[in-house]
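In what follows, a single structure is set out as structure tokens and then discussed.
Numbering (my numbering), first residue to last: 12 to 127.
Now the structure itself:
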């Protein structure tokens, strides 16, 4: 499975960005897709996950501001980021996993920079 993320960039605090991640290759119908992020000098952290049935979960730091969604027909996951804060600055990574077989894949990352 290959994951191609896009949509990062530079935005002012309070602005919005939409990230996309398209999965290709051997896609299993039961899977979880997610966004993680890693800020400079910090560990990678979970931002949001969404199951193939559409069940979503969010980190407390982004609840109410970010929305994860997916289009199963396109094997694509999105992250709509609103009311961006300086502390949202990070490289955002797309993630794909399946329970059976137990596979995990990471995208290449896309940089989001929020200016204060």
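Backbone N, C-alpha and C define an ideal beta-carbon position, used for all residues, glycine too.
Model, not experiment: these values are computed from the prediction.
The beta carbon of residue 19 lies closer than 6 Å to those of 121, 122 and 123 in the same chain, with the five residues before and after it left out.
Between residue 45 and residue 63, the alpha-carbon positions lie close to 11 Å from each other. With the rule of 3 Cβ pairs closer than 8 Å, the segment 29-38 does not count as touching the segment 52-60. When only Cα atoms are considered, residue 96 and residue 83 end up about 30 Å apart.
The DSSP assignment places complete beta strand (DSSP E) segments of no fewer than 3 residues inside the segment 24-56 at 28-35 and 43-49, in order along the chain. The beta carbon of residue 12 is closer than 8 Å to those of 34, 35, 36, 37, 38, 107, 114 and 116 in its chain, skipping five residues each way along the sequence. Closest in C-alpha terms to residue 112, from the list 28, 42 and 26, comes 42.
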